[in-house]
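In mature numbering (1 follows the signal peptide of the UniProt record, and there is no 0), the protein residues as written are -25 to -1, 1 to 574.
Beta carbons: idealized from backbone N, C-alpha and C, even for Gly.
Structure, as structure tokens:
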């Protein structure tokens, strides 16, 4: 039996523990009416090393004084910001949302962020004057005037989704007519395309704004987290991570914003550009349970950047890179590619520094570039000037994208240029260009080819339907592609290596469902192709590809097909597998892909 005094003491201690536990749940609760006030209080809490901050629920509305983002937070460490029930509403569409710089192990939870004034506009196409190369567009009430030059996208008025089989509309001048009606002069190559694309009086149009900023940015961060965050009406990317040690975690929704003040129509788009964008991180991101829809560009691109080789001999190499963008450090791996994008060699960096000599070239902006030297751990082969240099160690290697939904957007569901990645259990539906493309983009200076990828148990449905990719001269022939940036010139070496494509479902895809180019050691196993080739498609035919084939393989070595099934194919499927040029060791090509008979 416990003595009364001991019992009272025990109860007192328990009360202290409970009280202490409650206090630890939110070390500080802050209230704010404006973003300026909220930023000040968050920075003060960080300065005082507060570990947990709770923002009182409510709407925090306004602009940003003297900065480009509503919240600019630098140098935070080991801090949790619980914004559950908080709406951060921007009143200036030229400002971004939350910019987190140089921070470690920071969690942002529960926030809803959106722009009250959309950073884009939309309306209806009234008519097209082919002789004057001019669209007449009535902008919807509540939406801003179009920028002087930008790009627009046609939408189906019934589904309010991207209109199939049409081009993006690039324009260079805007005329105010009357009321909300504007004349939009399109670029010189557009009239012939619009002649067949447009249904004046019916088609809707959304037009990108050019003044917005990122909704949320993790810049040079490590181990930071977004949890249960919602973003609407993003000015550029929904979420961007740039540089740093990486290893950040993302669980968020990007979706359509509310109707702006005075509007009678819902927004057609959710974001002016990508839903998520990772560039230059040492460790790749993890995206889990995200819903990404309605964006004007790719859902999940992950990459680093190239440097341009000026001269190479033996173990020494000279190259040029942008200022503050020399990502090559001792101990990092490097890969070299010739001007035709073919793999040449790989090595490890031993030393690097600024070049002892000047390689100034007249066509390169001297004020934005720096010339470097690098010494590798081995002799390099002959490397021509103009070759590209990359490292897989700053391209987001080890990324994971799991249990996400990507739907109804322009461009690609996944645009992958990183190694050691896992893409599993995702739904990708309604991506206009492709469900997934793994490729370098030399024109965008985004590296690189990918190695050691696993892509499994995903659903790719109704993708690759914009005219930009369905035309005969398209160099994106597949709805799902592991490929070179441009039509391959033949293998000097294989760029993509060791990729496993397992247990995926490809549904309602016309034209070539899968394209493999410049690849080595690829396994395609246990995939289902449901209702392919229901409609005619000439995508890539003029470039020598066969869009009547389910899968097309060229410039490839050691590719294995096993237990893949085709269900209910359409009348335009003429061949299961086409093997192109420069291929060797294609295994089970005869029975690794089988059409299931209908019962």
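The secondary-structure analysis by DSSP pairs residue 153 across a beta bridge with 156. At a Cβ-Cβ threshold of 8 Å, residue 488 and residue 453 count as neighbours. DSSP, read as helix, strand or coil, puts residue 216 in strand.
Distance from residue 349 to residue 324 at the Cβ level is roughly 6 Å; contact confirmed, criterion being Cβ atoms closer than 8 Å. Between residue 200 and residue 221, the alpha-carbon positions lie close to 11 Å from each other. In terms of Cα proximity to residue 279, the closest of 198, 35, 236 and 258 is 258. In terms of Cα proximity to residue 557, the closest of 492, 45, 519 and 237 is 492. Note that the segment 262 to 279 touches the segment 240 to 254; at least 3 beta-carbon pairs, one per stretch, sit closer than 8 Å. CA-to-CA, the gap between residue 134 and residue 128 works out to about 14 Å. Taken through DSSP and simplified to helix, strand or coil, residue 394 comes out as coil. With distances taken between CA atoms, residue 524 lies nearest to 486 out of 486, 170, 264 and 415. Of all C-beta pairs linking the segment 110 to 125 to the segment 172 to 189, three or more are shorter than 8 Å, placing the two stretches in contact. When only Cα atoms are considered, residue 7 and residue 13 end up about 5 Å apart.
In chain order, 282, 283, 284, 285, 347, 349 and 364 place their CB closer than 7 Å to the CB of residue 294, counting only its own chain and leaving out the 5 sequence neighbours on each side. As computed with DSSP, residue 194 is found in a beta bridge with 76 and 217. Per DSSP, reduced to three states, the secondary structure at residue 549 is coil, with no helix or strand assignment. Contact between residue 194 and residue 213 is absent: CB atoms are separated by about 15 Å, not below the 8 Å threshold.
Spatial neighbours of residue 70 in its own chain (CB-CB distance under 7 Å, excluding positions within 5 residues in sequence) are listed in chain order as 38, 39, 43, 44, 45 and 188.
The beta carbons of residue 319 and residue 358 sit about 6 Å from each other, so the pair counts as a contact at 8 Å. The Cβ atoms of residue 10 and residue 30 do not sit closer than 8 Å to each other. In its chain, beyond the 5 residues on either side, 380 and 434 have a beta carbon closer than 6 Å to the beta carbon of residue 402. Taking C-beta separations shorter than 6 Å and ignoring five residues to either side along the sequence, the partners of residue 396 in its chain run 374 and 428, following chain order. Per DSSP, the beta bridge partners of residue 137 are 130. When DSSP states are grouped into helix, strand and coil, residue 122 belongs to the coil group. For residue 472, the closest C-alpha among the options 451, 533 and 519 is that of 533.
Here the alpha carbons of residue 151 and residue 225 stand approximately 42 Å from one another. One thing to note: residue 204 has its Cβ within 8 Å of the Cβ of residue 227.
Only exposed fits residue 297, as fewer than 16 other CB atoms lie within 10 angstroms of its CB.
When rounded, the separation of the alpha-carbon atoms in residue 210 and residue 191 is 10 Å.
Under the DSSP assignment, residue 104 falls in the beta strand (DSSP E) whose first and last residues are 95 to 104. Cβ contact annotation for residue 165 (same chain, cutoff 8 Å, sequence separation greater than five): 108, 142, 144, 145 and 146, in chain order.
Collapsing the DSSP output to three states places residue 517 in a helix. Closest in alpha carbon position to residue 549, among 421, 521 and 529, is 521. The closest CA to that of residue 404, considering only 82, 93, 137 and 64, is found on 137. Here the alpha carbons of residue 237 and residue 117 stand approximately 5 Å from one another.
Taking C-beta atoms as the reference points, residue 53 and residue 26 count as a pair closer than 8 Å.
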